[in-house]
Amino acid sequence: MFMRCGRNKKLHIRLLVFVFLLVWLVFYLKLFNSKIVSEDERERALLALKYESTLQDYESKIVPGLGDGGEPAVLEGDDQVEGEKSLKSFALNVVLSDKMPLDRRLRDPRNPRCKDFTYNPKIKASVIIIFYNELLSVVLRTVWSVILQTPSHLLQEIILVDDCSTNESLKGLLEYYISTRLKNYNIRLVRLLNRMGLIRARLQGARVATGDALVFLDSHCEATVQWMEPLLARIEEDKTAVLVPIIDVIEANNFAYSTNGEVVFQVGGFSWAGHFTWIDIQKEEDKETMNPVQSPTMAGGLFAIDRKFFWDIGSYDEQMDGWGGENLEMSFRIWQCGGKLETVPCSRVGHVFRDFHPYSFPDNKDTHGINTARLVEVWMDDYKRFFYMHEPSLENNPVIGDLTHRKQLRQKLRCKSFKWYLNNIYPEKFVPDENVFAYGQVKNRGEYCLDDLQLAEGKVGPLGLYVCHPNLAMSQYFSVSSKGELRKENFCAEVHNGYSVELTECHGHKREQYWIYFINGTIYHPSSNKCLTTFEVETGYSNHCYQLIEEKKHLAQFHRIILLLDDSFAVLLQFQKLSCVK
17 MFMRCGRNKK
27 LHIRLLVFVF
37 LLVWLVFYLK
47 LFNSKIVSED
57 ERERALLALK
67 YESTLQDYES
77 KIVPGLGDGG
87 EPAVLEGDDQ
97 VEGEKSLKSF
107 ALNVVLSDKM
117 PLDRRLRDPR
127 NPRCKDFTYN
137 PKIKASVIII
147 FYNELLSVVL
157 RTVWSVILQT
167 PSHLLQEIIL
177 VDDCSTNESL
187 KGLLEYYIST
197 RLKNYNIRLV
207 RLLNRMGLIR
217 ARLQGARVAT
227 GDALVFLDSH
237 CEATVQWMEP
247 LLARIEEDKT
257 AVLVPIIDVI
267 EANNFAYSTN
277 GEVVFQVGGF
287 SWAGHFTWID
297 IQKEEDKETM
307 NPVQSPTMAG
317 GLFAIDRKFF
327 WDIGSYDEQM
337 DGWGGENLEM
347 SFRIWQCGGK
357 LETVPCSRVG
367 HVFRDFHPYS
377 FPDNKDTHGI
387 NTARLVEVWM
397 DDYKRFFYMH
407 EPSLENNPVI
417 GDLTHRKQLR
427 QKLRCKSFKW
437 YLNNIYPEKF
447 VPDENVFAYG
457 QVKNRGEYCL
467 DDLQLAEGKV
477 GPLGLYVCHP
487 NLAMSQYFSV
497 SSKGELRKEN
507 FCAEVHNGYS
517 VELTECHGHK
527 REQYWIYFIN
537 GTIYHPSSNK
547 CLTTFEVETG
557 YSNHCYQLIE
567 EKKHLAQFHR
577 IILLLDDSFA
587 VLLQFQKLSC
597 VK
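Throughout the sequence shown, residue numbering follows this note's numbering, covering 17 to 598 in sequence.
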């Protein structure tokens, strides 16, 4: 009994020693770790104090009510001067943006009839916003507008993808803002270690998205009331429908929210140079509808798509660099491969339109041109010829890269031809050498041709003369349309002031844009009873026909074109300096 008690006593002592050592070890480890943690926490605390001080200083300078309702915001004194300076370097008014509330309220820009619609979508959206060196206040205003204008049960998450920005405010300060001011919302910040460009950055955002639908926004937007509901409702109804809101203008200088009116809006088109354009709605019954309207293309910055359909139809061409061309590539692919592209009149989002890009592109590459060359090779079939008239240096250029995967995608999806697209989706698109009386260079018997004198695409201005290019270039490519228009794509030769000939937007109502081309080379303008001729000044003019009857000089002819009168008559003509003959 004694021996057993002695042994138990020794055992107890040993246990007490072991427990003491264990407690001491745990205490030591905690003490050691606490020193490490405290240093780390101290550093984080100091950063937090710094960020909090910065944000409080920023928030103290915000002017309540500035820009509310989308009204023009005006600065005074030094702020006005500094704001105007920032426009030249950042392409928007930095001072004004920083002083305007991040949660400013906009008026309801929708057609009043939209209020009669009730939307009850059950699906959720992941909103994906890409930014690169964007102004912090602009990014945050975009985020707040999405939060405030989207019902919480429809918003799965907001995914911010930083395309390797270098601006310090978009690093720790942005993270701190999200963790403190936006902690009650599901905001995900994805940092890219290398600059990938808009296309690949969007793909990174899409890969981590979990919503039923993907909604892509530029980082300089403001959503308006009930913008999300009609987009999701339409996707829920048809998962192959890709939706675009009406994109209103937020002025870069004063952040005024402007529209074309509650009723009038346009849809997307394109130019043969590979640029997106705005076009009027063609069908009368669609002009005042509140239902989704067919759109041949989209601008690309703002759209909604079913997440599964996005991947099924080929997402983006991941070999496209930077920015540009991806919107037309996706537009053509959607239509040609079984989808629909529609503008939703009851969804409106404001977008800051800048006069220039405030940042450079890697290696100063012509990403728009190269990307567009990729899309024309895959999707436009023989119509790619018009793009290469604008960009001859890109034809058969290895810089375009490998197209095997995208061409295989087209075969896999059994996509339709570009001819089908033009006939069925965009029949109003003018094709320079189809359904016209004549096309080619307008040339005299000398060496000069009618030329747009490098007039910027989409701009109006006088026609002139330039030495004829040995290879037909778009600057000297004219057509006489079936409507009697002397035109270049969407712009027609029109007589101004009774004699000056200028390129202006085609209106289709003849009058000053109506010409008659005679087989002898005369180009006659019935409205003024004059014909196209030239003088020493390098602009196109029209002159009274009878003034040139006896001179019989500079016979106007089409060069390297086919004059199409009927199936049994086709002659090759020339086209340079123009004059009237009897």
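Ideal Cβ placement from N, Cα and C applies to all residues, glycine included.
None of the values given here were measured: they were computed from a predicted structure.
*Flag this pair as yes or no: are the beta carbons of residue 231 and residue 144 separated by less than 9 angstroms?*
Within the sequence shown, residue 231 is the residue found at index 215, counting from 1. Within the sequence shown, residue 144 is the residue found at index 128, counting from 1. It is a contact, given that the beta carbons lie within the stated cut-off.
*Under the three-state reduction of DSSP, which class applies to residue 229: helix, strand or coil?*
Residue mapping note: residue 229 aligns to position 213 of the sequence shown, counting from 1. The answer is strand: DSSP assigns residue 229 an E or B state.
*Helix, strand or coil: which one does DSSP assign to residue 282?*
Locating residue 282 in the sequence shown gives position 266, where the first residue counts as 1. Residue 282: strand per DSSP, three-state reduction.
_Secondary structure, alpha helix (DSSP H): runs of 4+ residues fully inside the stretch 45 to 130_ = 93 to 106 and 110 to 115, all fully within the stretch 45 to 130.
*Whole angstroms is fine: what's the gap from residue 293's alpha carbon to residue 448's?*
Here residue 293 refers to the residue found at position 277 when the sequence shown is read from its first residue. Here residue 448 refers to the residue found at position 432 when the sequence shown is read from its first residue. Here the alpha carbons of residue 448 and residue 293 stand approximately 17 angstroms from one another.
*Exposed or buried, residue 250, counting other C-beta atoms within 10 Å across all chains shown (16 or more means buried)?*
Residue numbering aside, residue 250 sits at position 234 when the sequence shown is read from its first letter. Buried: at least 16 other Cβ atoms inside 10 Å.
*Would you kindly report the start and end of the unbroken beta strand (DSSP E) that includes residue 205?*
Position 189 of the sequence shown holds residue 205. That run of the beta strand (DSSP E) goes 203 to 207.
*Output the distance between the C-alpha atoms of residue 98 and residue 87, rounded to the nearest integer angstrom.*
On the sequence shown, residue 98 is found 82 positions in, with the first residue counted as 1. On the sequence shown, residue 87 is found 71 positions in, with the first residue counted as 1. Between residue 98 and residue 87, the alpha-carbon positions lie close to 21 angstroms from each other.
_Taking 9 angstroms as the threshold (C-beta atoms), are residue 271 and residue 113 in contact?_
Locating residue 113 in the sequence shown gives position 97, where the first residue counts as 1. Locating residue 271 in the sequence shown gives position 255, where the first residue counts as 1. The answer is yes: Cβ separation under 9 angstroms.
*Would you list the residues sitting across from residue 503 in a DSSP beta bridge?*
As a first step, residue 503 is located in the sequence shown; it is residue number 487 there, counting from the start. As DSSP reads the structure, residue 503 sits in a beta bridge with 495 and 508.
*asked:* So for residue 197, helix, strand or coil by DSSP?
replied: Here residue 197 refers to the residue found at position 181 when the sequence shown is read from its first residue. In the displayed model, residue 197 falls within coil according to three-state DSSP, outside both helix and strand.
*State the beta-bridge partners of residue 238 as determined by DSSP.*
Position 222 of the sequence shown, counted from the first residue, corresponds to residue 238. BP columns for residue 238 point to 366.
*Does the stretch 379 to 397 come close enough to the stretch 363 to 370 that 3 or more CB-CB pairs lie under 8 angstroms?*
The answer is no - the stretch 379 to 397 does not touch the stretch 363 to 370, with fewer than three Cβ pairs under 8 angstroms.
*asked:* Using only the alpha-carbon positions, how far apart do residue 139 and residue 339 sit?
replied: For the purposes of this step, residue 139 is identified with residue 123 of the sequence shown, where counting begins at 1. For the purposes of this step, residue 339 is identified with residue 323 of the sequence shown, where counting begins at 1. Cα-Cα distance, rounded: 30 angstroms.
_From the DSSP secondary-structure annotation, give me the bridge partner or partners of residue 521._
One-based indexing of the sequence shown puts residue 521 at position 505. Paired residues: 507.
*Which first and last residues belong to the beta strand (DSSP E) in which residue 385 is found?*
Against the sequence shown, residue 385 aligns to sequence position 369. That residue, residue 385, is in no beta strand (DSSP E); its alpha helix (DSSP H) goes 383 to 395.
*So residue 375 and residue 148 are in contact, right, with Cβ under 8 angstroms, and what is the actual spacing, rounded?*
Translated into positions along the sequence shown, residue 375 becomes position 359. Translated into positions along the sequence shown, residue 148 becomes position 132. With a Cβ gap of about 6 angstroms, residue 375 and residue 148 count as contacting.
_Quick check on residue 69: buried or exposed, where buried means 16 or more other Cβ atoms within 10 Å of its Cβ?_
Position 53 of the sequence shown, counted from the first residue, corresponds to residue 69. Exposed is the call here.
_What does the alpha-carbon distance come out to for the pair residue 244 and residue 126?_
Within the sequence shown, the letter at position 228 stands for residue 244. Within the sequence shown, the letter at position 110 stands for residue 126. The alpha-carbon atoms of residue 244 and residue 126 are separated by roughly 13 angstroms.
*Determine the burial state of residue 132: buried for a count of at least 16 other Cβ atoms within 10 Å of its Cβ, exposed for fewer.*
Locating residue 132 in the sequence shown gives position 116, where the first residue counts as 1. In this structure residue 132 is exposed. Its beta-carbon is surrounded by fewer than 16 other beta-carbon atoms within 10 angstroms.
_Whole-Å CB distance - residue 227 paired with residue 165, under 8 angstroms assumed_ = Position 211 of the sequence shown, counted from the first residue, corresponds to residue 227. Position 149 of the sequence shown, counted from the first residue, corresponds to residue 165. Contact flag wrong, Cβ pair sits at about 17 angstroms.
*Any idea which residues DSSP pairs residue 173 with across the strands?*
For the purposes of this step, residue 173 is taken as residue 157 along the sequence shown, with counting starting at 1. Looking at the DSSP output, residue 173 bridges to 142.
*Going along the chain, which residues of its own chain have a beta-carbon closer than 6 angstroms to the beta-carbon of residue 352, five neighbours each way excluded?*
For this step, residue 352 is matched to residue 336 along the sequence shown. Excluding residues within five positions, the ones whose Cβ falls inside 6 angstroms are 431, 432 and 437.
*Paired residues, beta bridge with residue 356 - DSSP*: Working through the sequence shown from its first residue, we reach residue 356 at position 340. Paired residue(s): 257.
*With DSSP as the reference, please indicate the residues paired to residue 263 in a beta bridge.*
Mapped onto the sequence shown, residue 263 falls at position 247. Per DSSP, 365.
_From 333, 96, 359 and 429, residue whose alpha carbon lies closest to that of residue 388_ = Residue numbering aside, residue 388 sits at position 372 when the sequence shown is read from its first letter. When C-alpha distances from residue 388 are compared across 333, 96, 359 and 429, the shortest belongs to 333.
*For residue 530, which three-state DSSP category applies?*
Here residue 530 refers to the residue found at position 514 when the sequence shown is read from its first residue. Coil at residue 530, not helix or strand.
*Would you call the stretch 166 to 185 and the stretch 200 to 208 touching, i.e. three or more CB-CB distances under 8 angstroms?*
With three or more CB-CB distances shorter than 8 angstroms, the stretch 166 to 185 counts as touching the stretch 200 to 208.
_Taking a contact to mean a Cβ-Cβ separation below 9 angstroms, would you say residue 505 touches residue 274 in this structure?_
As a first step, residue 505 must be located in the sequence shown, where it is residue number 489. As a first step, residue 274 must be located in the sequence shown, where it is residue number 258. Between residue 505 and residue 274, the CB-CB gap reaches or exceeds 9 angstroms.
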